[in-house]
Structures are given as C-alpha cells and as structure tokens.
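**Q** Please read through the structure below; I'll follow up with questions.
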Amino acid sequence: MPRLWRHALAIVVPVVGAMAVLPALYGNHLLLFNFVVFMLLAQGVNVIYGFTGYLPFGYVGFFGTGAYGFSLMVVHLATPPLLALVAGGAAAVLLGLLLTPLLRLSGAYFSIANLAAALAVLQVVSNPDLQDITKGPYGIALNGIYQPTLAYGVALAILAATLMTVVYLRNSRFGMALQAIREDPISAGMAGINVVRERVIAWLISALIAGLAGSVFAWYVSVFYPETVFGSEFSIFAIVFALFGGPATVLGPLLGVIILYGIYNTIGITTPQYFQLIYGLLIMVLVLFLPNGLASLLRRWGIDVP
Amino acid sequence: MFQKLVCGLGLASIVALCGAAQAAEAPKEIKFGTLYASAGPFAVISMPVHYGLKLWAEQANAEGGVFVKAFNKKIPVKLVAYDDQSNPATAATLYDQLITQDKVDILITDSGSVLTAPAVPIARNHKMLLIDQTGTGANFFTADNPYIALMSDPVSTIWPKPLADFITHDGPALGIKRVALLYSTNDFTTTQANAVRKFITEAKAGIDIVYDQGVETKTSNYTVLINNIRATNPDAVIELGYDGNDIAFLRNLQDSGTKFKMVFCIYPGLETNVLEKNVGGEGLQYVYTYVPSSEIAYQASFGMNLAQYKAAWDKKYTDGKVEFGFNSVAGYTTGLVLEKALSVADSLDQLALRNAIASLSGNLRTLDGTFAIDEMGAQIGEITPLGQLALDKDKHIKFVTVYPHDVATGKAIYPAP
Amino acid sequence: MLIYSLLAGLLFGLYFTLIGLGLNLVFGVMRIVNLAHGDFLMLGGFLAFWLFNLFAVNPLPAIPIALFLFMMAGLPLYYLLVPRLLAARDPEMLSIILFFGFSQVIEALTTIAFGTSERSIPGIELGRPVAAVESWFAGRKVAPGPVTLFGQTFPAAWIVSAIVSALAVFLIFLYLYRTRLGYLTRAVMVQREEALSSGINVHRVSAIAFGVGIALAAISGLFAPFMLGSITPAMGVDVTIVSFAVIVIGSLGNPLGTVLGGVLYGISYMLMQSYFSSWANLLPYLLLIAILLVRPSGLLGRQVRRA
Chain U
739 MPRLWRHALA
749 IVVPVVGAMA
759 VLPALYGNHL
769 LLFNFVVFML
779 LAQGVNVIYG
789 FTGYLPFGYV
799 GFFGTGAYGF
809 SLMVVHLATP
819 PLLALVAGGA
829 AAVLLGLLLT
839 PLLRLSGAYF
849 SIANLAAALA
859 VLQVVSNPDL
869 QDITKGPYGI
879 ALNGIYQPTL
889 AYGVALAILA
899 ATLMTVVYLR
909 NSRFGMALQA
919 IREDPISAGM
929 AGINVVRERV
939 IAWLISALIA
949 GLAGSVFAWY
959 VSVFYPETVF
969 GSEFSIFAIV
979 FALFGGPATV
989 LGPLLGVIIL
999 YGIYNTIGIT
1009 TPQYFQLIYG
1019 LLIMVLVLFL
1029 PNGLASLLRR
1039 WGIDVP
Chain S
-14 MFQKLVCGLG
-4 LASIVALCGA
6 AQAAEAPKEI
16 KFGTLYASAG
26 PFAVISMPVH
36 YGLKLWAEQA
46 NAEGGVFVKA
56 FNKKIPVKLV
66 AYDDQSNPAT
76 AATLYDQLIT
86 QDKVDILITD
96 SGSVLTAPAV
106 PIARNHKMLL
116 IDQTGTGANF
126 FTADNPYIAL
136 MSDPVSTIWP
146 KPLADFITHD
156 GPALGIKRVA
166 LLYSTNDFTT
176 TQANAVRKFI
186 TEAKAGIDIV
196 YDQGVETKTS
206 NYTVLINNIR
216 ATNPDAVIEL
226 GYDGNDIAFL
236 RNLQDSGTKF
246 KMVFCIYPGL
256 ETNVLEKNVG
266 GEGLQYVYTY
276 VPSSEIAYQA
286 SFGMNLAQYK
296 AAWDKKYTDG
306 KVEFGFNSVA
316 GYTTGLVLEK
326 ALSVADSLDQ
336 LALRNAIASL
346 SGNLRTLDGT
356 FAIDEMGAQI
366 GEITPLGQLA
376 LDKDKHIKFV
386 TVYPHDVATG
396 KAIYPAP
Chain F
-17 MLIYSLLAGL
-7 LFGLYFTLIG
3 LGLNLVFGVM
13 RIVNLAHGDF
23 LMLGGFLAFW
33 LFNLFAVNPL
43 PAIPIALFLF
53 MMAGLPLYYL
63 LVPRLLAARD
73 PEMLSIILFF
83 GFSQVIEALT
93 TIAFGTSERS
103 IPGIELGRPV
113 AAVESWFAGR
123 KVAPGPVTLF
133 GQTFPAAWIV
143 SAIVSALAVF
153 LIFLYLYRTR
163 LGYLTRAVMV
173 QREEALSSGI
183 NVHRVSAIAF
193 GVGIALAAIS
203 GLFAPFMLGS
213 ITPAMGVDVT
223 IVSFAVIVIG
233 SLGNPLGTVL
243 GGVLYGISYM
253 LMQSYFSSWA
263 NLLPYLLLIA
273 ILLVRPSGLL
283 GRQVRRA
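What follows is the structure, encoded as structure tokens:
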C-alpha cells in the first residue's frame, strides 16, 4: 500500500476516531472541542512554518476572521450554520490573499508583519465606528443556532480533512517543494520550483484551516468578544505545539497538542498561580534543548515519524 | 379499631420513611463552582470579587453552613474555584469542567463581562443557572434565556442615570451647558457612554455634547485628547474607561496644568484605593464619580453591614495584595443573595433557584443596596448615586454624595476651584 | 489643535525612540527578535517605582543605577540563552518563541512578587529637575509644573524624557561610530560569519550589545510611569509591538533611523488621536506593514529582503 494511505490509516483514522469516541467517556466536551481546535491550528502552523518556513506569529488573524465571517453571515443574513462555515473559511482565505505580499519578507520581518496584520484586523473589527457591521466592542451573541454536538462533528470532519492534507504534504512532491523553499528559496527556484506560486498555495491552505477552525469555534462558543477570537494565545499555543511535536511531520503537531495542551489543562486545574511561570519556562527549555521538536528526538532513536 | 391501628401504623411508617428518605437525600455539602483570574488584565477586578466570595463561604461554614429550605437543614458550602488567567477560552473549558466533571450545584462566573461571556451559552445548554457576579454585557440578558441572574453591578444601560440626571436637572442651574464625552471602546464603557448620551439628549434640557470620542481601551496617554477637549470649552467632562484609563487621564490632567470645571470618572468610585495610590489625593479632589456600596453604609437587613464586613476583610486578608473596594463587596453580595435564595427555594433545581432569586427582587437589602432584577435577570437595583471626592483632614479621599437629593450628604462644588 | 498634536507627537515620539533604541541594537547585532523588550521596560518602571518609594530616589539619578544593574544582568543572560539558540537550524524564528517564553517568565515573576495593581510615581518628581533648570536660567524660583514650549503646554516629564532620549541617541551614535567596540559591533551587524572569521570575539561584542540593549529598555522604563500613565506587570506586550514598528520604520542598526521612526510614529499617533481617535491604535500596525512592503529596509536603511 502506498505510504500516503498507510499514514492515513495509521494516524488519521485513530486520531479522529478517538476524538469522536471521547465525548461519550469524558463529560467536559468543550475541553475536547478545544483539543480539536488546537490540533487544527497546530497543523495549520505546520503547513506554513513546518513545511514552508514562514512563522505566522499573527496566525490568530485568520482564526478570528473565520469566526467573524461565520458570525456576520449568521447575524446579518440568517445563513444556516453549515453554509456560514464556508463563508468563514472564504473570509480567511480572502485575508490570506490580501496578505500574500508579506511572503516577500524574510524571517523575522514576516513574523512581525503578520503579527501586526492580525492586530490590525482586531482593531478594525472591534472599532465602534463599524459596529453596525461587526457589532464592534459589544461582541457577538449568536442566537438560535447552538448545536454543540453537530458543531463537534463538523470540527472532526474538518480535522480529518486537514490531517489528510498534511499527510498528502508529507508524501508528495508538493510537500517536498515546500520544504525545499524553506531551506533555500533561491536553489529551489533554480531547481524549477515555482517558489511564489507554491508558497502562496501553502499560505492559503494554512489560512483556510485556521478560518474553518475559527468558524466552528464561533459556532460552538456562540457568545464572544473580539479579543476572545483574536487573542494571541491561539497563535502562540499553535506555534509552540507544532514546534514541540516536530514540524514537517503529521504526528508531531498532534503529539504537541496532546502533551502540551494536556499539561496546560492539568496545571490549570491543580496549580494555577504558577501557570504562566511554568508555561514560560517550558517554552524556553523547549527552544533551547529541543529546537527541532520531539520528532527529531524520535528520529535520533531510529523511529521514522510520519 | 384494629384497622385504625394498622392504618395509623402504616401512615406513620410512610411518613417516617419519607422523612428518612429526605434526610438521606440531603447532600453533605453544597458545591459552589466559580472562576477567578490571578493574572492578566482582569486580575485587578477579579481577585477582590473572589476574595469576597471566599470570605462569605468561610463565615457561612463557621456557622455550620447555609440553611437550605429544600432539606430543612444547614449544609456546609464547598467552593470549587479554578484560575482562568484572564483567558476567555480557558474560562470556557473551566466552566464546562465545573458543570460536567465537578458537577457543581451552583455555577458562579468570574468578574467582568469578558470572562462571563463564555459561560452564558454553556450554562444555558446544560440548563444550569448562571450566577453572574459583575458581568453587565447587555447581550447576556435575553427574554428567551432564564438561566442567568446578575448579582451586583447595575446593568450598564441604566448605571449612569444618576450622572445624566445630575447634569440635566441640576446642571443648567449651575451653568452646565456644554458636555464633553470621552470613552474607551469596550462593551462596558461604550454601553455606559451610549446610555449617558441617550439620557442627556432625551432630557432636552439644553445640554449640548460638544465633544464625543471613543478611544481604544489600551490608550495610556491622554495629553493630546485633553488639549482637544479643552479647545471645545466644556462645562463638564465625562471620561468613561477602565481603571488604567482613568489613572492615565487624571494624571495627564494634573501634569498638563489644565483645569476643567467638572470631571467625572468611573473608577475613582469602584477602585478608590488603586486610584488614590496612583493619582494622589490632590489629583482626585473635586472629581465626580459613582459612590460605591463600599462607601455608603446601607442598612443591611441580611448579612454583615459595611463596617462589620470591612473589619472581617481586614482581619482575614492582611497582606494588602488585593484591594478592598466595590468589587470586594460584590463578591460578598453574591454569597448573601445565594444564601437567601437557598433559604427560600423549594429545591436545588436550577429553575427553582432562579425563581427564588427573582422573589428576592426589591426585598433584599444588603450592604450593597437593594437587590432588584428584571425578568431577564439583569440587575436594575443597587444603583450607585453620584458623588464628588474631597479631601478629609488627613488628606485622604472621602466621598460626598451629591445626587439624587434624597440621599445627598453635601452640595456639589461647581465649578472646581 | 494641529500645532499641539505635532509638537506632542514630536516629544512623545522621542520617547518611543528611546524605547526602540535598545531593540534596534539587539535585533541589528544578533538578529534576535527580543519579544521580552517591553518586559524589560516594565522592570525598569518597577525599579523606578521602588527606588522612589523605598529610598526617595528621583528617576533621573536612577538612570545610572538602571544602566549598571541591567548591563550586569544582560551579560550572563546573553551567554545563557543566545549561543544555544544560534546553534539551532532557524535561530531567528526560534528567538521569537524563546523570548516570548522569557517575557512570560518575567511577567509571571513580577506578578507573583508585586501583584497586578497599577503603580505610578507623582508627576511632580520629574517636574523638579526641570523647574531647577528653569530657575537657574530665569534667575528666580520657578515652581515645578507643566512646561510651555512655543505657546503650548506640556507635562514636564515629556521634556525630560525627550532630552534623555536625544542624549541616549547621541551616546549610542558615539558608541557605534567613534569607539573601537562600536566599530566591531557594526562589523558583527553587517555580516556575522565574516566578523567571526576576521578574529572578532563575536560573542563578547554581542553580549555587550545585548546588555546595552536591555539597559536602554530599562532606562526608558524609568520614564514609563510618567509617559504611559501607570505600570503593571502585563504592560510589556503592547510596548514591544510598537517598538518594533518604530525600529522597522526607521531602519535597522542605525540609531538615527530609530529617531525618525519614533518621531514619525509619535506625530501620526497624536494626529490620529485628534482627528480619528478610535482608530489611533490601528496606526502603528498599518505603518509597520506599509513600510515593510514598500521599503523593507526602512526609511534610512540598506538591508535587503529575501526572495
């Protein structure tokens, strides 16, 4: 069986299956939902950073845009949620298109500019001058479409699609092209890869993933303020989870989410006052001692990480 | 006769069994679930509320617990509290945790609208009554959702009424015609600004709003804004923001040498100690603000009054890290309302509790004033009157209530010298 | 209103120049994105607060104290964090995450130590030195208070911080362009590997630059209680973003560029506050993106963009 399908069976099926079954065993469904959301975000970061080498420090911009795209369709046009989800994803992709010039920038500049872009979108959305459209600082309250079970199911479907996408990237020429661009864009260009086109596609895929995640998050949470869906914690966590697990693999970000987000929630319930301190130290230790993630550790021991 | 005996015995045994069953059903503790923020932007308003609630719980347990009418006995309270670090997404999962894993009997929110918002749909979905401590977002209270009740702050659409009424009723006589309105663009203060604007324009008392601007909540420098306001020559300046905004505004006012005839800010009333430490007594003199329940000795028909509560607070919380003020009273008030509700509710069923709380409306007088909620659960009582700050002989801040006249303790000094 | 905004923007912008100066040095020399920059500023603010409250030390004499303390802290911090970081595959990106973690640690420790409430220092403290200078010039006693410049009144703190900032720019300029160490620093800024191979002790030069960088952040923090209203442990994050906007607008490695960036930011911010107040905070982000897209080397710089 080709590697792609082997990986798909070995990873995608168990993960999605497990997340589908867990709500029957564990009552805090919102927690499980958040796990799914972070898996999506970590994989999204994986696509644009792990494979393509651009660190999206403002990744939450797409997440929030998706959330607002979804919500505004529901609030203003009374769209059914599934259709509004498509709109949310489209909104994020549009923002991605708008921001493609940023891809010309190198390394740190790109990250800072991306962060500035996300903050700029937050400013626009929460401004009272636009409140007739975006409801400004009052936040969104979606009435009448609250269906947590359906939303969770849809989130799982999006997760399956995302994981399949990453599996594809891991096992295809396109994915290899992206990694080549990450390592050395000039050589990649000379080897015949259409650098600009490939990275824009990766960028838009990454935006779409975050947009859909944001839309389904808005659907599940249904009452939120702009700061909630544009909070920088989403970007930071997604990046750290992807990094910890191991960029450019399928399993890496999933491991990162399960382990680190699991620790986060456990600390939260046991020793909250040192929360920020423990997490900050963890991030620092991670970068200093395991900069290529857990996957690199496993690879060093001879295990091939999908 | 033998039949009567049998019937009598039968009845007696049934009654005994029922009594025994009821006593066996009574839980050994009532679980109160809540969240607090120990760090992040909302910690300043969250910790005092949490400390107030904790104090109430300890006191209640010291007396053997709260009297629960449903089981006709006193049951101790267990407070289960998690830290959400001012992060709404974390708060959401923790609220869900409290409901589904800890299976709390009563769900209480964290402080402020941003951290209350995530709980509203979760509580509604699980059919749990949400005890909203200080979250005044108008979005939360809708006619089709009975699972919410606001404990302490009056809802922001009516909170500024005493201020607006002072300007429209007393203002013209004092010479107030031009008003400048500066507000921070977040739910809480923008709603208050809208309310002020509405009350002033509807009153048709000849008051003009000559400056009306919103600024981002993160604004920390008001020097240019103050200059622009001054250019419009206002008779009264209303600045609606969070404590950081008020501190920056009042300090910049002092430092720039500008003097306005009347200045109103919210947080000199709600977090007086913090403001006094940062702005100083001189900078707060003559400033108008809301008079919080932590400054008015309301007649409390239930629970401790202000003096007793402050003494208990000072005794319990000696490290001075959490400030005593309006928010600390709010946390204690939550406990009081719940205690009273449990003593009149027929069962621990969530809607029964809601009805019990609604029945207290207008009748419960605590150190926070008169508790009153409307049919959507929004607080319409516990209104804070308008006051002006003055320096007492020790150069500390004290409040002079100036409006409404029936509760006034002094006259407004206008214009500020 | 216009004149006031322009002048205010100039003065306020110079303060942001001071803030950006340290970041410029660190980013220029080590290509490290110091996301903890705002937190060092916050630490400087708390230093000023405690020095004032415990020892009645005015912020101005606290400058040398801050300089010394933070340089002493910066050197070991550099050796602890940076060499390992630079050995990794993607140091620039990883530095973002590392220093973000560091900023969380600083914030957490400060919150645990001091709590979350706002702190300030009375504005009159910086008014005193200005009044002293004014009295000396005028030949009579002048009371501390706001200062009048071109007919517009500003808080005394703004004048003081503008002067300190100008002085700092001048000193950094001297350091970079007139001292041997500065010469070596500029070499490292331009091309790190070549500097290494020509015998320069790159780590030592970088460590000193790092120390100076965070010391500058701390010094600008000494003025934060006056310029930014009040200080709290969580204030660092927003300041960091704006500082990046400032240094990017100017250019990397050139202190004069930071002056331009700061002033441009200050003036546009104040103008926005006057005319479109609710959009004022959108400005630094838009400026940042615009400059990066149109002229990524900054208004005065020569750095080149990738691909």
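Chains as they are written, first to last, in the working numbering: chain U, 739 to 1044; chain S, -14 to 402; chain F, -17 to 289.
Think of the CB as a built atom: it goes at the ideal place given N, C-alpha and C, for glycine as much as any other residue.
Everything numeric in this text was worked out from a predicted model, so none of it was measured.
Quick check: is the beta carbon of residue 962/U nearer than 8 Å to any beta carbon in chain S?
**A** Output row for residue 962/U: interface = yes.
**Q** Please state whether DSSP places residue 996/U in a helix, a strand or coil.
**A** If DSSP states are grouped into helix, strand and coil, residue 996/U belongs with the helices.
**Q** Within the same chain, show all residues whose beta-carbon is closer than 7 Å to that of residue 7/S, passing over the 5 residues directly before and after it, in chain order.
**A** Residue placement at residue 7/S is poorly supported in this model, since its pLDDT is 49, which falls under 50; the coordinates still yield a value, given next. Same-chain partners within the cutoff: 56.
**Q** Below 8 Å on C-beta distance, what does residue 767/U contact in chain S?
**A** 81 and 85, listed in chain order.
**Q** Looking at the structure shown, is residue 134/S part of a helix, part of a strand, or coil, going by DSSP?
**A** It is a strand residue.
**Q** Within 8 Å of any Cβ in chain U, is that where the Cβ of residue 399/S sits?
**A** False, the Cβ-Cβ gap to chain U never drops below 8 Å.
**Q** In whole angstroms, give me the CA-to-CA distance for residue 82/F and residue 15/F.
**A** Roughly 9 Å between the two C-alpha positions.
**Q** Is the CB of residue 288/F under 8 Å away from at least one CB in chain U?
**A** Low local confidence applies: a pLDDT of 40 at residue 288/F is under 50, so the model's placement there is unreliable, and no value is given.
**Q** Identify the residues that DSSP records as bridge partners of residue 116/S: which are they?
**A** Bridge partners of residue 116/S: 93/S and 134/S.
**Q** Judging by CA-CA distance, which residue of 175/F, 65/F, 1/F and 193/F is the nearest neighbour of residue 1025/U?
**A** Nearest C-alpha to residue 1025/U: 65/F.
**Q** Could you pull the start and end residues of the alpha helix (DSSP H) that residue 186/S belongs to?
**A** Its alpha helix (DSSP H) spans residues 172 to 188.
**Q** Among 297/S, 24/S, 52/S and 63/S, whose alpha-carbon lies nearest the alpha-carbon of residue 332/S?
**A** Checking every option, the nearest Cα to that of residue 332/S belongs to 52/S.
**Q** Please report the distance separating the alpha-carbon of residue 222/F from that of residue 230/F.
**A** Distance between the alpha carbons of residue 222/F and residue 230/F: 12 Å.
**Q** Cβ atoms of residue 854/U and residue 955/U: under 8 Å apart, would you say?
**A** Cβ distance not < 8 Å, so residue 955/U and residue 854/U don't count as in contact.
**Q** So, under 8 Å CB-CB, residue 74/F and residue 986/U are touching, yes? Tell me the CB distance rounded to an integer number of Å.
**A** At roughly 18 Å, the Cβ-Cβ gap does not stay under 8 Å, so residue 74/F and residue 986/U are not in contact.
**Q** Specify the secondary structure class of residue 108/F as computed by DSSP and reduced to three states.
**A** Looking at residue 108/F - three-state DSSP - the assignment turns out to be helix.
**Q** Have a look at residue 756/U and residue 764/U and give me their C-alpha separation to the nearest angstrom.
**A** Distance between the alpha carbons of residue 756/U and residue 764/U: 12 Å.
**Q** Is the CB of residue 237/F under 8 Å away from at least one CB in chain S?
**A** Not closer than 8 Å to any Cβ of chain S, the Cβ of residue 237/F fails to qualify, so no.
**Q** To the nearest whole angstrom, what separates the beta carbons of residue 944/U and residue 782/U, a pair I think is in contact under 8 Å?
**A** Right, their Cβ atoms sit about 5 Å apart.
**Q** Give the secondary structure of residue 257/F by DSSP, where H, G and I count as helix, E and B as strand, and everything else as coil.
**A** It is helical.
**Q** Taking the alpha carbon of residue 330/S as the reference point, which residue from 121/S, 128/S, 54/S and 397/S has its own alpha carbon closest?
**A** Of the candidates 121/S, 128/S, 54/S and 397/S, the one whose C-alpha sits nearest the C-alpha of residue 330/S is 54/S.
**Q** Using a C-beta to C-beta distance shorter than 9 Å, which residues of chain F count as neighbours of residue 170/S?
**A** Simply 260.
**Q** Using the beta-carbon of each residue, which ones in chain U are nearer than 8 Å to residue 175/F?
**A** Here the premise fails: no neighbours, minimum Cβ distance about 16 Å.
**Q** To the nearest angstrom, how far is the alpha carbon of residue 395/S from that of residue 384/S?
**A** Residue 395/S and residue 384/S: Cα-Cα distance of roughly 9 Å.
**Q** Determine whether the Cβ of residue 845/U lies closer than 8 Å to any Cβ atom of chain F.
**A** Chain F, which has a Cβ nearer than 8 Å to the Cβ of residue 845/U, makes this yes.
**Q** Of all Cβ atoms in chain F, is any one closer than 8 Å to the Cβ of residue 29/S?
**A** Interface residue, yes.
**Q** Hey, could you find the ends of the alpha helix (DSSP H) residue 406/S is sitting in?
**A** The question about residue 406/S has no answer here: the residues shown for chain S are numbered -14 through 402.
**Q** Residues of chain S with a CB under 9 Å from the CB of residue 877/U: which are they?
**A** Near residue 877/U (Cβ distances below 9 Å), the residues of chain S are 98, 99, 102, 122, 124 and 172.
**Q** Going by the beta-carbon positions, is the gap between residue 104/S and residue 94/S smaller than 8 Å?
**A** Yes, Cβ-Cβ distance for residue 104/S and residue 94/S is below 8 Å.
**Q** Please state the DSSP three-state secondary structure of residue 368/S.
**A** Coil, per DSSP.
**Q** What alpha helix (DSSP H) runs, 4 residues minimum, are completely inside the region -2 to 64 of chain S?
**A** If we require 4 residues or more, the alpha helix (DSSP H) runs fully inside the region -2 to 64 of chain S come out as 28 to 47.
**Q** Distance cutoff 8 Å, beta carbons only. Does residue 227/F sit that close to anything in chain S?
**A** Not an interface residue.
**Q** Going by DSSP in three states, residue 314/S sits in which element: helix, strand or coil?
**A** Residue 314/S falls in the helix class under three-state DSSP.
**Q** Would you list the one or two residues that DSSP bridges to residue 222/S?
**A** 165/S and 248/S.
**Q** Report yes or no: is there a C-beta of chain B within less than 8 Å of the C-beta of residue 973/U?
**A** Annotation note: the requested chain B is absent from the structure, which comprises protein chains U, S and F.
**Q** Taking only three categories from DSSP, how would you classify residue 837/U?
**A** Three-state DSSP puts residue 837/U in a helix.
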